[in-house]
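Here the sequence shown is numbered in the working numbering, starting from 5 and rising by one per residue.
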Amino acid sequence: MFSAVTIQPTDVFAALAHETRLRCLILLMRHPELCVCELTHAIGAVQPHVSRHLAQLRETGLVTDRREGLWIFYRVSPALPDWVAAVLRETFDAVCGELPFVEDDRVLAQMANRPGMPRCA
Numbered sequence: 005m006f007s008a009v010t011i012q013p014t015d016v017f018a019a020l021a022h023e024t025r026l027r028c029l030i031l032l033m034r035h036p037e038l039c040v041c042e043l044t045h046a047i048g049a050v051q052p053h054v055s056r057h058l059a060q061l062r063e064t065g066l067v068t069d070r071r072e073g074l075w076i077f078y079r080v081s082p083a084l085p086d087w088v089a090a091v092l093r094e095t096f097d098a099v100c101g102e103l104p105f106v107e108d109d110r111v112l113a114q115m116a117n118r119p120g121m122p123r124c125a
């Protein structure tokens, strides 16, 4: 059982207001866990840019990470307060069928060398 973290409303909405963070969150809502390399590939951004925004999401408490060998994997925090989880679900439901989110998932599905393979793209 996870205990809910304290998250400020302004932090949640600031996270959702930036395209890179929103695209990462939508992908993480769709997939249980993704590596930084998968997120960079899917949204077509460079690793330092994506990592900086993932760090902001982690500091806010919206995502958690874990290291496995060379890779750092991110997931939506299982300890979100109910109201934050509801905001993320509603946001996901509203935009998951829209561009660029559909395209991000399509690009991710076509990615070669995903984690678990010998090399990460």
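For glycine and all other residues, C-beta sits at the position ideal for the given N, C-alpha and C.
Treat the numbers as computed from the prediction; the structure is a model and nothing was measured.
Cα-Cα separation, residue i to residue j
| i | j | result |
| --- | --- | --- |
| R34 | T10 | 24 Å |
| L43 | F105 | 12 Å |
| R62 | D69 | 8 Å |
| L103 | A90 | 22 Å |
| V50 | Q60 | 16 Å |
| P146 | W75 | Nothing in the structure corresponds to residue 146, since the chain is present only between 5 and 125. |
| R123 | V111 | Here R123 scores only 49 on pLDDT, less than 50, and its place in the model is too uncertain to base an answer on. |
| T14 | L92 | 14 Å |
| E72 | V99 | 31 Å |
| A18 | R56 | 15 Å |
| P52 | H22 | 16 Å |
Contact belief for residue i with residue j at Cβ below 8 Å, rounded distance in angstroms
| i | j | result |
| --- | --- | --- |
| V40 | L29 | Between L29 and V40 the Cβ distance is about 14 Å, and since that is not below 8 Å, they are no contact. |
| V16 | V88 | 6 Å |
| S81 | G101 | Their Cβ separation, rounded to whole angstroms, is 24 Å, which puts S81 and G101 out of contact at 8 Å. |
Contact set for residue i: own chain, Cβ-Cβ below 8 Å, skip 5 residues either direction
| i | result |
| --- | --- |
| D108 | R27, I30, L31, A46, I47 |
| A85 | Reading off the sequence shown, one finds Pro at residue 85, where the question assumed Ala. Hits under 8 Å: A8, V9, T10, I11. |
| V54 | T24, C28, V40, L43, T44, I47 |
Own chain, CB closer than 7 Å to residue i, minus 5 neighbours either side, in chain order
| i | result |
| --- | --- |
| A125 | Residue placement at A125 cannot be trusted, given a pLDDT of 48 that sits under 50; the coordinates are not used to answer. |
| T95 | L20 |
| R79 | L32, P36, E37, V67, T68 |
Own chain residues within Cβ distance below 6 Å of residue i, not counting five before or after
| i | result |
| --- | --- |
| F77 | E37, C39, R70 |
**Message:** So within the region 31-110, which uninterrupted alpha helix (DSSP H) runs reach at least 4 residues, ignoring any that extend past its ends?
**Reply:** Unbroken alpha helix (DSSP H) runs of no fewer than 4 residues, entirely contained in the region 31-110, are found at 40-47, 51-64, 86-99, following chain order.
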